[in-house]
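Encoded as structure tokens, the structure appears first; notes follow it.
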Amino acid sequence: MNEVSEATWRKRFILVNLVTISGTMLALFGLLLWQTDYIVRGGSVAGFALALIGLFTSFFAPRMMASRWKRSGGK
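Printed below as a string of structure tokens:
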């Protein structure tokens with residue numbers, strides 16, 4: 818089994834956190850676009866799609882990344 822260095826784990830940890838934070842920010846931006854007049858008068862349906870994409874990214878992308886790293890043997 819291949820051993821992964823501490824620097825690699827640190828980079829992966831930072832990457833997972835950045836993906837989670839960016840997904841959350843995208844979801845919040847989508848809600849802002851969809852429900853308020855702050856960006857578009859009357860809101861926009863595109864905000865709903867952005868909110869769903871942001872939620873998916875925030876919840877499922879880190880798990881998919883971790884499973885991919887496990888399958889690749891830690892490379």
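All the letters of the sequence shown, read from the start, carry residue numbers 818 to 892 under our numbering.
Glycine included, C-beta positions come from ideal geometry on N, C-alpha and C.
All values derive from a computational prediction rather than experimental measurement.
- Annotated three-state conformation of Ile870 is helix, per DSSP.
- Relative to Ser861, the option among Ile870, Gly847, Met882, Thr874 whose CA is nearest is Gly847.
- Rounded to whole angstroms, the separation of the alpha carbons of Val821 and Leu835 is 21 Å.
- The beta carbon of Gly864 sits closer than 6 Å to the beta carbons of Gly847, Leu850, Trp851 from its chain, once the five residues preceding and following it are set aside; these are given in chain order.
- Looking only at Phe873, Arg858, Trp886, Ser889, the smallest Cα-Cα distance to Ile838 is reached by Phe873.
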